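Student: Mapped onto our numbering, the consecutive letters of the sequence shown carry residue numbers 28 to 98.
There's a structure below that I have some questions on.
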Amino acid sequence: PHHESDPPTDEALPPLAVNINNLWIQYGKFVAVKGISLEIPQGEVFGFIGPNGAGKSSTIRVLATLQAAFM
């Protein structure tokens with residue numbers, strides 16, 4: 028039987044809405060995003076916070092397919 032304290036199994040995990048593995052974004056010689064990876068399950072609310080120039084907007088532009096990136 029399943030208990031609340033049991034870790035979720037692969038079958039119980041929701042499918043991923045976002046799956047990024049080793050994302051790099053570069054403008055000329057300037058590296059805006061350096062090798063980030065993340066998984067966001069469907070139904071999850073996720074936000075980016077950080078200082079100016081941290082690559083938040085660039086990452087969102089890639090996720091929205093408004094910009095190409097190296098993956």
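Don't be surprised by glycine CBs; every beta carbon is placed ideally from N, CA and C.
Just so we're clear, the structure is a prediction, and the values are computed from it rather than from any experiment.
Quick one: using the 10 Å Cβ neighbour count with 16 as the cut-off for buried, is L50 buried or exposed?
Tutor: Taking the first residue of the sequence shown as 1, we reach residue 50 at position 23. The residue in question, L50, is buried, as its Cβ has 16 or more Cβ neighbours within 10 Å.
Student: Can you tell which of I52, G70, V72 and N46 has its C-alpha closest to the C-alpha of L93?
Tutor: In the sequence shown, the residue the question calls residue 93 occupies position 66. If we check each option's Cα against that of L93, I52 comes out closest.
Student: For I87 and F57, what's the separation of their Cα atoms in angstroms?
Tutor: In the sequence shown, the residue the question calls residue 87 occupies position 60. In the sequence shown, the residue the question calls residue 57 occupies position 30. Roughly 18 Å separates the two Cα atoms.
Student: List the DSSP bridge partners of Q94.
Tutor: Along the sequence shown, one-based indexing puts residue 94 at 67. Paired residue(s): none; Q94 is not in a bridge.
Student: For A39, report the span of its beta strand (DSSP E) as first-last.
Tutor: As a first step, residue 39 must be located in the sequence shown, where it is residue number 12. No beta strand (DSSP E) contains A39, which DSSP labels as neither H nor E.
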